[in-house]
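Here's the structure, in structure tokens; my notes come after.
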Amino acid sequence: MTTVALPHTEPAEQRTEHPYVIIVNGQAMVRGSRIAVRLIAQMHREGDTVDDIQRSYPHLSAAAAHDAISYYLDHRAEIEEEIAEHRIENVLARSGATMNERGFITLPPAQANG
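Numbering (my numbering), first residue to last: 250 to 363.
Put into structure tokens, the structure is as follows:
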């Protein structure tokens, strides 16, 4: 049996009207990073300034942070939906996992196929 190594391919990037925001696998991302716009949007919603955001992501330029916030404001419903999908209670429900009072997550046992 021969094993063939497939070349690593990056996911296709879709441009947006915002120069620092691209769409990768259906999610708005900050160009040149792996930071989802929803993460910047959550920080912005919680009152963090661009300086605060840059302290958390020092490689992110102020222009990129501002553009991510601008994208969020232009696409609020879409980004709010992403934020909701990634809330811990929703992730746990989709995966069948549980979290105890100490914050430890337990995954359901794997089930054998057929």
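Where is the CB? At the ideal position from N, CA and C, for every residue including glycine.
query: For R283, three-class secondary structure by DSSP; result: coil
query: I354 - partner residues in DSSP beta bridges; result: M348
query: Residues that DSSP places opposite R336 in a beta bridge; result: In the DSSP output, where bridge partners are listed per residue, R336 has none listed.
query: Own chain partners of A314 with C-beta closer than 7 Å, once the 5 adjacent residues on each side are dropped; result: I289, V299, I302 and Q303
query: Span of the beta strand (DSSP E) around E262; result: E262 to R264
query: Residues sharing a beta bridge with A312, DSSP; result: The partner list for A312 (beta bridge, DSSP) is empty, contrary to what the question assumes.
query: Residues near V286 in its chain [Cβ-Cβ closer than 7 Å; skip 5 each side]; result: V270, A277, M278, V279, A317, Y320, Y321 and I328
query: Residue burial classification, H267 (beta-carbon count within 10 angstroms, cutoff 16); result: buried
query: Residue from L356, E350, S305 and Q263 with nearest C-alpha to L341; result: L356
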